[in-house]
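Chains U and G, in that order, give the protein sequences. Going by the working numbering, the first sequence opens with residue 78, and the numbers climb by one from there. Going by the working numbering, the second sequence opens with residue 51, and the numbers climb by one from there. Positions of the beta carbon are idealized from the N, C-alpha and C atoms, including for glycine. What you are looking at is a predicted structure, and each value in this text was computed from that prediction instead of being measured.
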Amino acid sequence: MNGFVLTWIAFGVMLALFAARAWVVETNRGRLTTAGSAQRGLTAAVAGSVVVLVVLLTLNGGLTLVDLLVNGEAELTAPADAATGGAGPGEAPVDPAAPVDPAPVDPPPAP
Amino acid sequence: MTSETRRTGEPDPSARSRGAGAEATVAASARSAEASPSERTQYLRAPGPDSPTTAVRGPVPRPAGDGPPPPPPPAPGPSEPLSPLWVWGAPVLAILAVLMLPLAAATTDLSDMDGWGLAAVLSPFGWVAVVLAVACCVVELWSPRPRIPMLGAATAVLILCTTGMPSVVQPQARFTTAWLISGFVDAVAGNGVPPTGVDARFYWPAFFAQWAWFRDAAGADQLDVILRWYPPAVVAVWAIGVYALARSMLGGTRAPWVAAWLFVGLNWIEQDYFSPQATAIVLLLTVLTFALGPLATRRVDNAGTTPWPRPHRGATPLPRWRRWLISAMTPPNAPTLPARQLLLIYFCASLCLIALAPTHQLTPFAIIGQLVVLAIVGRFRGRGLVLVATFAVIVFVLISARDFWLTQITMITGASGDAGAIEAGFFERLQGDQGQLAVKLLRAIMPGLTWLLAIAGAWVYWKRRRDLVPIALAGIPMAMAVVQSYGGELLFRVILYGLPILTILSVDALRAFARVDRRREYALAAGMVLLFPLLILIRGGNDAYLDVTTEDVQMTRQAYAEAAPGSTVQPLSTVGPYAVEGVGEHNNMASGGDGCAILAADPFRCIDLVQPDTLLFYQSIEKQGTVLNEEPEGWTLAIREQLIASGQYRATYENGFNAILVRNEPAPLPGAPAPAPAPGAEEVPAP
């Protein structure tokens with residue numbers, strides 16, 4: 078399981094926690110226990126899931142993207158995601174629009 | 051509290067009994083002052099979720115003097131019969147407008163189109179259909195009791211006769227990019243995986259995957275009919291969204307319909323072709339309608355006065371400590387909807403926001419910006435939706451579109467040679483013959499007039515509701531202009547994202563204008579008659595070279611069918627349905643380096659450089675050169691003949707300006723076997 082999959086899972090968990098909190102908040106509306114322990118606990122869990130997601134996003138592309146935006150180039154350490162149809166893990170992605178570099182040619186031997 | 055008192059429930063009986071004795075005399079004297087029904091306290095029942103909107107009539111202004119107040123004008127009774135004009139007028143006009151359409155299609159000669167586009171060749175029956183459709187809308191709107199189904203039908207007829215006019219009179223979808231997107235769908239339909247290294251749009255593949263799935267599920271192998279009728283269908287859906295938004299923002303029974311019609315009339319931008327952004331706008335409008343409709347709330351100062359904006363001139367705000375105290379002791383605003391309905395709306399809105407992320411590049415940022423504005427000013431419940439949308443976009447871009455930003459970061463940051471959005475969207479397109487220049491200037495004038503009208507509407511809205519949020523919502527998408535490298539299309543998207551709110555504000559201005567003197571409604575009706583033909587002129591202005599014929603489509607499919615595996619198929623210029631098939635297989639979109647993305651830019655050098663195996667010529671390419679680029683007539687024929695004469699290419703199909711040229715194999719070496727002729731290749735004599 079790589080970082081990308083973990084990030085997607087963290088995103089899914091965050092959505093689930095948001096949904097659970099919305100359910101608790103809205104269905105308890107009008108009662109005296111609007112700020113009960115369930116709601117407080119879910120608020121903390123949502124906040125925690127957001128923090129985890131931010132950390133995972135930072136580690137799985139966020140730093141690289143910022144580096145790329147700031148410096149114009151980035152040192153690629155994380156593999157590209159094969160699911161996107163890009164290059165395989167560990168390989169540099171293919172630039173569809175980049176011109177092909179000419180093959181290195183040895184200098185001709187001196188006569 | 052205004053002069054109009056609103057309460058819920060019945061009058062308090064205890065208050066009535068308390069006041070029975072001592073206040074009887076006072077009440078008797080007050081009754082004479084409140085004799086007018088319009089000035090009596092009106093007791094309203096609390097509305098249920100499905101209750102219709104209840105209008106409370108305002109008090110009639112009392113003239114100076116001590117005389118009794120005049121009675122209010124009687125409201126039209128429901129049993130009062132309507133004139134046959136109001137009953138049958140709109141349906142008859144709608145039917146006549148629709149009947150004109152086949153006649154218009156049969157009598158419009160599309161081969162004569164020049165720089166003025168469709169408007170110059172549209173049959174008089176087409177113009178009559180437009181006028182009848184407008185008349186249908188106006189008649190029903192002026193009816194004493196406008197019928198919602200009839201207004202809906204009138205709107206549909208109006209869209210069909212204006213936005214849908216090209217779909218009616220032209221046998222195929224008319225937009226090159228629509229055919230390109232259809233080719234993308236075709237590429238995804240093959241194995242369900244978007245091809246790589248072809249086009250950056252494949253990194254946002256949701257729309258292509260959606261239609262590939264629809265296509266496969268329907269057992270179809272092409273989407274030609276969908277492409278043709280997509281613009282009027284999707285504009286009808288957008289108009290529903292604008293109507294729903296206008297109901298929330300304007301109220302009333304007629305103004306929301308006018309907002310929908312004005313939106314249709316001002317939508318010259320043509321982003322409604324078969325494309326991801328057309329679907330994305332549907333999702334955007336859905337979320338915006340939720341936020342400004344059932345989820346709408348208002349952050350009010352519970353102390354009764356707000357520090358800014360002040361409720362009226364000279365109003366003094368309460369001390370800050372007192373406002374805070376009252377605010378802290380007051381329970382929060384309770385939404386009016388039941389919890390389950392609210393949760394369902396949260397779910398649907400979240401679904402739309404998440405679906406936007408893989409569908410389109412720009413639209414998520416537009417809706418996130420608008421939701422952020424609404425959240426900051428406390429206008430909707432469910433601010434978690436902002437987080438859901440933001441993280442959906444970030445996760446998708448960082449992970450699924452990783453290869454895009456790793457390799458094409460300049461599309462975000464902009465390359466040094468890129469033109470700005472305004473330069474690319476307007477100045478670079480300001481070329482062509484007289485008709486082209488006129489149409490393009492009209493395209494520049496229309497957004498300016500729209501914004502002027504909307505600013506007037508924002509002023510009216512401000513005076514009426516002390517609210518500047520709508521104009522901020524319309525302005526937020528303009529921040530996207532910082533993405534300079536997106537190209538000229540960005541300018542169109544920015545205008546389109548703000549257009550629903552702009553039209554609603556404009557209608558507020560027009561409503562205030564008409565209320566001053568009801569005779570001004572005639573001027574507005576005349577303006578509507580002028581606006582919609584203008585829409586046909588502006589939208590169809592490029593039809594000389596955007597028109598696609600059935601022959602173009604068949605010829606292209608034949609070319610791809612005859613192309614050898616791995617060979618390249620390219621058009622002389624990027625108009626026509628050249629990419630309806632073969633995207634990624636025969637047409638990789640990225641082969642034109644060294645200024646040769648469009649072969650016609652420098653035809654012989656570029657053809658020598660790129661060496662496409664199959665060259666496509668369309669009549670639209672010929673028209674593009676003569677109308678837009680000041681080429682002499684027959685310039686594509688001259689190129690074609692020279693290529694054939696040079697022995698580089700041979701024609702496998704020729705009919706007028708349409709042709710397929712196939713690259714000749716190099717001469718075989720002595721002793722090598724001769725290559726077999728291509729199967730199905732058919733030599734057609736030149737015209």
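Could you give the first and the last residue of the continuous beta strand (DSSP E) run that contains residue i?
{"i": "S280 of chain G", "result": "Note that residue 280 of chain G is Tyr in the sequence shown, not Ser. From DSSP, Y280 of chain G is part of no beta strand (DSSP E) but of the alpha helix (DSSP H) over 274-299."}
{"i": "T664 of chain G", "result": "664-667"}
{"i": "A709 of chain G", "result": "708-713"}
{"i": "A701 of chain G", "result": "699-705"}
In chain order, what residues of the same chain have a beta carbon less than 7 Å from the beta carbon of residue i, not counting five sequence neighbours either side?
{"i": "T157 of chain G", "result": "S173, F175"}
{"i": "I395 of chain G", "result": "F340, P344, L345"}
{"i": "G165 of chain G", "result": "G482, D483, Q484, G485, Q486, A594, V677"}
{"i": "F454 of chain G", "result": "A250, Y253"}
{"i": "F258 of chain G", "result": "F234, V235, V238, P244"}
{"i": "P102 of chain G", "result": "At P102 of chain G, the pLDDT of 49 sits below 50, so the modelled position is not reliable; the number obtained from the coordinates is stated separately. Here the set comprises nothing."}
{"i": "V181 of chain G", "result": "V579"}
{"i": "P326 of chain G", "result": "W254, F257, T409, H410"}
{"i": "L83 of chain U", "result": "L133"}
{"i": "L773 of chain G", "result": "No information on residue 773 of chain G is available, as it lies outside the stretch 51 to 737 that chain G covers here."}
{"i": "Y699 of chain G", "result": "L665, L693, L711, V712, R713, N714"}
At a CB-CB cut-off below 9 Å, which residues of chain U make contact with residue i?
{"i": "G434 of chain G", "result": "F95, R98, A99, V123"}
{"i": "P393 of chain G", "result": "The identity of residue 393 of chain G in the sequence shown is Leu, whereas the question assumes Pro. A96, A99, W100, E103, T104, listed in chain order."}
Apart from the five residues on each side of it in sequence, which residues of its chain come closer than 6 Å, Cβ to Cβ, to residue i?
{"i": "A508 of chain G", "result": "I521, L555"}
{"i": "A97 of chain U", "result": "L119"}
{"i": "L627 of chain G", "result": "Note that residue 627 of chain G corresponds to Pro in the displayed sequence, not to Leu. Contacts found: W229, V598, D602, V603, T606."}
{"i": "K673 of chain G", "result": "A594, Y595"}
{"i": "V510 of chain G", "result": "D558, A559, A562"}
{"i": "W307 of chain G", "result": "L201"}
{"i": "A122 of chain U", "result": "L94"}
Output, in chain order, the set of chain G residues within a Cβ distance shorter than 8 Å of residue i.
{"i": "G138 of chain U", "result": "L448, I449, R452"}
{"i": "L145 of chain U", "result": "W455, L456, I459"}
{"i": "L119 of chain U", "result": "The contacting residues do not exist; L119 of chain U stays about 11 Å from chain G at best."}
Which chain G residues are close to residue i, counting only those with a beta carbon under 9 Å from its beta carbon?
{"i": "T84 of chain U", "result": "V445, L448, I449"}
{"i": "V127 of chain U", "result": "L437, F441"}
{"i": "L92 of chain U", "result": "S400, I404, V438, F441, A442"}
First and last residue of the alpha helix (DSSP H) that includes residue i?
{"i": "N241 of chain G", "result": "226-241"}
{"i": "A521 of chain G", "result": "The residue asked about is misnamed: residue 521 of chain G is Ile in this sequence, not Ala. Its alpha helix (DSSP H) spans residues 519-525."}
{"i": "S193 of chain G", "result": "Unbroken run through S193 of chain G: none, as it is neither H nor E."}
{"i": "S450 of chain G", "result": "It is not in any alpha helix (DSSP H) - S450 of chain G carries neither H nor E in the DSSP assignment."}
{"i": "I319 of chain G", "result": "Segment: none, I319 of chain G is in no alpha helix (DSSP H) and carries neither H nor E."}
{"i": "G507 of chain G", "result": "484-515"}
{"i": "F95 of chain U", "result": "80-104"}
{"i": "Q116 of chain U", "result": "114-134"}
{"i": "A399 of chain G", "result": "389-406"}
{"i": "D144 of chain U", "result": "140-148"}
Keeping to the same chain, check which residues put their C-beta closer than 8 Å to that of residue i; ignore five residues upstream and five downstream.
{"i": "V519 of chain G", "result": "V423, L424, V427, R429"}
{"i": "G242 of chain G", "result": "A259, A262"}
{"i": "F542 of chain G", "result": "I319, E320, Q321, G475"}
{"i": "A564 of chain G", "result": "R570, E571, L574"}
{"i": "A405 of chain G", "result": "A256, L333"}
{"i": "I86 of chain U", "result": "none"}
{"i": "A93 of chain U", "result": "none"}
{"i": "A187 of chain U", "result": "Because A187 of chain U carries a pLDDT of 38, less than 50, the predicted location of this residue cannot be relied on, and the following value inherits that uncertainty. Around A187 of chain U: no qualifying Cβ."}
Going by DSSP, which residues form a beta bridge with residue i?
{"i": "F257 of chain G", "result": "Paired residues: none, contrary to the question."}
{"i": "A651 of chain G", "result": "Bridge partners of A651 of chain G: none, in fact."}
{"i": "A346 of chain G", "result": "G:F430"}
Could you work out which residues of chain U lie near residue i, taking near to mean beta carbons separated by less than 7 Å?
{"i": "Y396 of chain G", "result": "A99"}
{"i": "I417 of chain G", "result": "What I417 of chain G touches in chain U: nothing, since even the nearest Cβ is about 17 Å away."}
Going along chain G, which residues have a C-beta under 7 Å from residue i?
{"i": "L134 of chain U", "result": "I444, V445, L448"}
{"i": "L142 of chain U", "result": "L448, W455"}
Are there any heavy atoms of the ligand ATP lying less than 7 Å away from the beta-carbon of residue i, as far as the coordinates show?
{"i": "G697 of chain G", "result": "No copy of the ligand ATP occurs in the structure displayed, which carries no ligand at all."}
Is the Cβ of residue i closer than 8 Å to any Cβ of chain A?
{"i": "G577 of chain G", "result": "Checking the listed chains, one finds no chain A in this structure; the protein chains it contains are U and G."}
- Length at least 4, wholly inside the segment 576-638 of chain G: the alpha helix (DSSP H) runs in chain order: Whole alpha helix (DSSP H) segments, 4+ residues: 593-596, 600-612.
- Any chance you could list the alpha helix (DSSP H) runs of at least 4 consecutive residues sitting entirely within the segment 141-180 of chain G, in chain order? Runs of the alpha helix (DSSP H) lying entirely within the segment 141-180 of chain G and spanning at least 4 residues, in chain order: 168-171.
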